[in-house]
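A.B. asks:
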Amino acid sequence: MKMLIDSTWVDSSDRSVREVVNSADNSVIDTVPAATASDLKKAVGAAQDAKIRMAQLPAHERAAVLFRCADVMEKRREELSLLLARENGKPIRQTREELAASIRIFRGFGEEAKRIFGKSMSLDMVPGMERHFAFTIRRPVGVVAAIVPFNYPVELYAHKAAAALAAGNAVIVKPPSDCPLTLLRIAEILEEAGVPRAAHQVVTGTGQVVGEYLAREEGIDLISLTGSTPVGQRISRLAADTLKKVHLELGGSDATIVCADADLEEAAEAVILGRLARGNGQICCAVKRVFVAEAIHDKYVEILSEKAKKLIVGDPLDERTDVGPLITESAAKDVENDIRDAVSLGARIRAGGGRRGAFIEPTVLDTVPPEAKMMKEETFGPVVPIIPFRTMDEVVGLTNNTPYGLQSSVFTNDLTTALDMAYRLDVGGVIVNWSSAVRVENLPFGGVKMSGHGRESIHDTLLEMTEQKTIIIYNALSVFNKTG
Numbered sequence: 003m004k005m006l007i008d009s010t011w012v013d014s015s016d017r018s019v020r021e022v023v024n025s026a027d028n029s030v031i032d033t034v035p036a037a038t039a040s041d042l043k044k045a046v047g048a049a050q051d052a053k054i055r056m057a058q059l060p061a062h063e064r065a066a067v068l069f070r071c072a073d074v075m076e077k078r079r080e081e082l083s084l085l086l087a088r089e090n091g092k093p094i095r096q097t098r099e100e101l102a103a104s105i106r107i108f109r110g111f112g113e114e115a116k117r118i119f120g121k122s123m124s125l126d127m128v129p130g131m132e133r134h135f136a137f138t139i140r141r142p143v144g145v146v147a148a149i150v151p152f153n154y155p156v157e158l159y160a161h162k163a164a165a166a167l168a169a170g171n172a173v174i175v176k177p178p179s180d181c182p183l184t185l186l187r188i189a190e191i192l193e194e195a196g197v198p199r200a201a202h203q204v205v206t207g208t209g210q211v212v213g214e215y216l217a218r219e220e221g222i223d224l225i226s227l228t229g230s231t232p233v234g235q236r237i238s239r240l241a242a243d244t245l246k247k248v249h250l251e252l253g254g255s256d257a258t259i260v261c262a263d264a265d266l267e268e269a270a271e272a273v274i275l276g277r278l279a280r281g282n283g284q285i286c287c288a289v290k291r292v293f294v295a296e297a298i299h300d301k302y303v304e305i306l307s308e309k310a311k312k313l314i315v316g317d318p319l320d321e322r323t324d325v326g327p328l329i330t331e332s333a334a335k336d337v338e339n340d341i342r343d344a345v346s347l348g349a350r351i352r353a354g355g356g357r358r359g360a361f362i363e364p365t366v367l368d369t370v371p372p373e374a375k376m377m378k379e380e381t382f383g384p385v386v387p388i389i390p391f392r393t394m395d396e397v398v399g400l401t402n403n404t405p406y407g408l409q410s411s412v413f414t415n416d417l418t419t420a421l422d423m424a425y426r427l428d429v430g431g432v433i434v435n436w437s438s439a440v441r442v443e444n445l446p447f448g449g450v451k452m453s454g455h456g457r458e459s460i461h462d463t464l465l466e467m468t469e470q471k472t473i474i475i476y477n478a479l480s481v482f483n484k485t486g
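Counted the way our numbering counts, the sequence shown spans residues 3 to 486.
1. Tell me which same chain residues have a C-beta within less than 8 Å of the C-beta of Thr369, skipping the five on either side of it?
2. Counting only the same chain and skipping the five closest in sequence on each side, list residues whose C-beta sits under 6 Å from that of Thr38.
3. Alpha carbon to alpha carbon, what distance is there between Asp41 and Tyr215?
4. Between the Cα of Ser179 and the Cα atoms of Val22, Pro318, Ser124 and Tyr154, which residue gives the shortest distance?
5. Give the DSSP-derived three-state secondary structure of Thr418 in the structure shown.
6. In the DSSP assignment, the beta strand (DSSP E) including Lys176 goes from what residue to what residue?
7. On a Cα-Cα basis, can you pick out the residue from Ala165, Leu250, Ile149 and Asp320 that is closest to Gly209?
8. Determine whether the beta carbon atoms of Leu101 and Arg79 lie at a separation below 8 Å.
9. Take Glu132 and list the residues in its own chain whose beta-carbon comes closer than 6 Å to its own, dropping the five residues that flank it on each side.
10. Below 8 Å CB to CB, which residues in the same chain sit around Arg218 once its five sequence neighbours on both sides are set aside?
11. Measuring straight from C-alpha to C-alpha, what distance separates Glu304 and Val273?
12. Could you check how far apart the C-beta atoms of Ser9 and Thr330 are, in whole angstroms? I think they sit under 8 Å.
13. Verify whether the separation of the beta carbon atoms of Ala257 and Ala172 is less than 8 Å.
14. Contact defined as beta carbons within less than 8 Å: I believe Asn415 pairs with Asp263. What is the distance between those atoms, to the nearest angstrom?
15. So Gly449 and Val429 are supposed to be a Cβ contact under 8 Å. How far apart are they, rounded?
16. Contact criterion: CB-CB distance below 8 Å. Does Glu321 meet it with respect to chain C?
17. Sort out for me which residues DSSP pairs Leu368 with in a bridge.
18. Could you have a look at His455 and say whether DSSP puts it in helix, strand or coil?
19. Does Val205 come out as helix, strand or coil in the three-state DSSP assignment?
20. Let me confirm a value: Asn477 is counted as buried when at least 16 other C-beta atoms fall within 10 Å, else exposed. Which label applies?
21. Below 8 Å on the Cβ atoms is my contact criterion, and I expect Val67 with Leu167 to pass it. Report the Cβ-Cβ distance as a whole number of Å.
22. Looking only at its own chain, which residues have a Cβ that is under 8 Å from the Cβ of Arg280, when we skip the five neighbours before and after it?
23. Within 10 Å of its beta-carbon, does Asn153 have 16 or more other beta-carbons around it, so buried, or fewer, so exposed?
24. Does the distance from the C-beta atom of Cys71 to that of Leu192 stay below 8 Å?
25. Could you check whether Leu252 and Met452 sit closer than 8 Å to each other, using their CB atoms as the reference points?
26. Which residue comes first and which comes last in the alpha helix (DSSP H) that contains Thr138?
27. Have a look at Arg358 and Met75 and give me their C-alpha separation to the nearest angstrom.
28. From which residue to which residue does the alpha helix (DSSP H) around Thr97 run?
29. Can the beta-carbon of Thr381 be found closer than 8 Å to that of Asp340?
30. Between the beta-carbon of Lys247 and the beta-carbon of Gly213, is there less than 8 Å?
31. Is Ala45 near Val211, with beta carbons less than 8 Å apart?
32. Got a sec? Which residues, its chain only, sit under 8 Å from Val260 by beta carbon, not counting five neighbours each side?
33. Within the continuous beta strand (DSSP E) that includes Glu469, where are the two ends?
34. Among all the DSSP beta bridges, which residues are the ones paired with Lys311?
35. Would DSSP call Asp41 helix, strand or coil?
36. Hey, which unbroken runs of the beta strand (DSSP E) at 3 residues or more fall wholly within the segment 191 to 269?
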């Protein structure tokens, strides 16, 4: 496939390509261009003209483009889901869900494109300003660079690209290097839907070339990145020289706390679906650590381990598969090393633990010590470490003892405990009686500390991707004229 620059499908200027590989069987699906600095310069230049066209495009026309794209995506959902499963490794049932969510997001931003509101203010609270009137409007930031990760590429692309277009921006998309094909197909659909020339461009290549160029470039006004914390730090440093806005949704060490009064079956099923059997464990807000009250620890580990052993690992195109391959064999080896590290320090394997190529068996580890790597850093794969705790103060301290702060969850039947924990945990979101791996498109999503800053949602992202402008009209009012 080719990349999209200035509404033209092109190869890279030096004809170099990258292979896109199906990690389930190591077959090559296709190749894509490896963009050069020359290609990126052309894309940014085209975006400068496109941002003017987009700023002049009425909201109802922006909405119509997004609606038309969503309609075609829905008609081609099965085709797109199959392609995504092949290049990404997620089971086909899950890629269908991802496409469905992405279609909803496109339609949601189509609606919200028509509801970007300002506010009006009289100034009579300030002596001497009584006759003046002020109001605000929201205007597009200009050119948005959307850097999309591999784990949920279509859904997270929708959160960034559809939002940028809804707000009246031009957008340059950097798709994930290992699975760019489905986004390129959607780019074809957007072109057919009538997006203005160069308002939506997709430039393929490595993060070191494409992502870093966009972060440094003066012609980019906002970087929206979902990715790892080290990548977020690097992009932030590069963006600082031009003082562009940077919106970051980064890694997490998301904790689930299972209190003594919890429904153990429900708490185990939530961890299965929130870590082992969704996204092959490669989800930023997936369950990364499970703290279990000592009184129920043994029973909970038994229930969770039995459920994990029943999961089917295999071909992502097989309807029966629960867990597919990780994005690359190298990624699987990293997860395998984290498992070995924990075991060497005293953790016990209660389920799984093995690797075959890019496949990792759904793994449950018991009594994982705090010095294990997976307790301090993000392990991106289907692995659940379990740690017993005695008191609520202890578990709050353990949960907060991390540089990350994306989401957490608490299982309890006591409302006071649930609310108290929700207030005390240093995270961007708390889910009560389900796993941390929850993201609903109309709710603010994002983290604190090293998990990033800013919030994404159908409503919040439009605020991030627009600037507020204040307009004052002097002597607009006569109602406050002094008489008699």
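Ideal Cβ positions, reconstructed from N, Cα and C, are used throughout, including at glycine.
C.D. replies: Well, looking at it:
1. Locating residue 369 in the sequence shown gives position 367, where the first residue counts as 1. Once the five neighbours on either side are set aside, the close Cβ partners of Thr369 are Gly348, Ala349, Arg350, Ile388, Ile389 and Pro390.
2. As a working mapping, residue 38 is identified with position 36 in the sequence shown. If we look at Thr38 and ignore the five residues flanking it on each side, its Cβ neighbours are Ser14, Ser15 and Asp16.
3. Sequence index remark: in the sequence shown, residue 215 carries index 213 (1-based). Sequence index remark: in the sequence shown, residue 41 carries index 39 (1-based). Roughly 11 Å separates the two Cα atoms.
4. Locating residue 179 in the sequence shown gives position 177, where the first residue counts as 1. Answer by Cα proximity: Val22.
5. By one-based count along the sequence shown, residue 418 stands at place 416. The answer is helix: DSSP assigns Thr418 an H, G or I state.
6. Counting from one through the sequence shown, the residue named residue 176 turns up at place 174. Its beta strand (DSSP E) spans residues Ala172 to Lys176.
7. As a first step, residue 209 must be located in the sequence shown, where it is residue number 207. With distances taken between Cα atoms, Gly209 lies closest to Ile149.
8. To locate residue 101, count along the sequence shown from 1; it is residue 99. To locate residue 79, count along the sequence shown from 1; it is residue 77. Yes, the Cβ-Cβ distance between Leu101 and Arg79 is below 8 Å.
9. Sequence index remark: in the sequence shown, residue 132 carries index 130 (1-based). So the list reads Asp126 and Phe482, once near-sequence residues are dropped.
10. Counting from one through the sequence shown, the residue named residue 218 turns up at place 216. Excluding sequence neighbours, Arg218 sits near Leu240, Ala241, Asp243 and Thr244.
11. For the purposes of this step, residue 304 is identified with residue 302 of the sequence shown, where counting begins at 1. For the purposes of this step, residue 273 is identified with residue 271 of the sequence shown, where counting begins at 1. Taking the straight line joining both Cα atoms gives about 13 Å.
12. The count along the sequence shown starts at 1 and reaches residue 9 at position 7. The count along the sequence shown starts at 1 and reaches residue 330 at position 328. No, Ser9 and Thr330 are not in contact; Cβ-Cβ is about 32 Å, not under 8 Å.
13. In the sequence shown, counting from the first residue as 1, residue 257 sits at position 255. In the sequence shown, counting from the first residue as 1, residue 172 sits at position 170. Not in contact: Ala257 and Ala172 (Cβ atoms no closer than 8 Å).
14. As a working note, residue 415 is residue 413 in the sequence shown. As a working note, residue 263 is residue 261 in the sequence shown. Confirmed, Cβ separation roughly 5 Å.
15. On the sequence shown, position 447 is the one that residue 449 refers to. On the sequence shown, position 427 is the one that residue 429 refers to. That pair is a contact at about 7 Å.
16. Looking for chain C here will not work: only one protein chain is present.
17. Locating residue 368 in the sequence shown gives position 366, counting from the first residue. Looking at the sequence itself, residue 368 is Asp, so the reference to Leu does not match. According to DSSP, which records beta bridges pairwise, Asp368 is partnered with Arg350.
18. The residue you call residue 455 lines up with position 453 of the sequence shown. Here His455 sits in strand by DSSP.
19. As a first step, residue 205 is located in the sequence shown; it is residue number 203 there, counting from the start. Residue state, collapsed to three classes: coil.
20. If you number the sequence shown from 1, residue 477 lands on position 475. Exposed is the call here.
21. On the sequence shown, position 65 is the one that residue 67 refers to. On the sequence shown, position 165 is the one that residue 167 refers to. The pair is a contact, with the Cβ atoms about 7 Å apart (cut-off 8 Å).
22. On the sequence shown, residue 280 is found 278 positions in, with the first residue counted as 1. Closer than 8 Å at the Cβ level, and outside the excluded window around Arg280, lie Gln96, Ala288 and Ala439.
23. Position 151 of the sequence shown, counted from the first residue, corresponds to residue 153. Per the 10 Å Cβ criterion, buried.
24. In the sequence shown, the residue the question calls residue 71 occupies position 69. In the sequence shown, the residue the question calls residue 192 occupies position 190. Yes, these two residues count as a Cβ contact at 8 Å.
25. Position 450 of the sequence shown, counted from the start, is the residue given in the question as residue 452. Position 250 of the sequence shown, counted from the start, is the residue given in the question as residue 252. Yes; because the gap between Cβ atoms is below 8 Å, this pair is in contact.
26. Locating residue 138 in the sequence shown gives position 136, counting from the first residue. Unbroken run through Thr138 is the beta strand (DSSP E), Phe135 to Pro142; no alpha helix (DSSP H).
27. Working through the sequence shown from its first residue, we reach residue 358 at position 356. Working through the sequence shown from its first residue, we reach residue 75 at position 73. Approximately 34 Å, taken between the alpha carbons.
28. What you label residue 97 is simply residue 95 of the sequence shown in a count that begins at 1. Unbroken alpha helix (DSSP H) run through Thr97: Ile94 to Glu114.
29. As a working note, residue 381 is residue 379 in the sequence shown. As a working note, residue 340 is residue 338 in the sequence shown. In contact: Thr381 and Asp340 (Cβ atoms closer than 8 Å).
30. For the purposes of this step, residue 247 is identified with residue 245 of the sequence shown, where counting begins at 1. For the purposes of this step, residue 213 is identified with residue 211 of the sequence shown, where counting begins at 1. Taking 8 Å as the Cβ cut-off, Lys247 and Gly213 do not qualify as a contacting pair.
31. Looking up residue 45 in the sequence shown gives position 43. Looking up residue 211 in the sequence shown gives position 209. No, the Cβ-Cβ distance between Ala45 and Val211 is not below 8 Å.
32. For the purposes of this step, residue 260 is identified with residue 258 of the sequence shown, where counting begins at 1. Leu266, Ala269, Val292, Phe293, Val294, Ala295, Ile298, Tyr302 and Phe413.
33. Translated into the one-based positions of the sequence shown, residue 469 becomes position 467. Looking at the DSSP string, the run of the beta strand (DSSP E) that includes Glu469 is Thr468 to Ile475.
34. Taking the first residue of the sequence shown as 1, we reach residue 311 at position 309. None, per the DSSP bridge assignment.
35. The residue given as residue 41 occupies position 39 in the sequence shown. In the structure shown, Asp41 sits in a helix (DSSP, three-state: H, G or I).
36. 202 to 204, 224 to 228, 247 to 251 and 257 to 260
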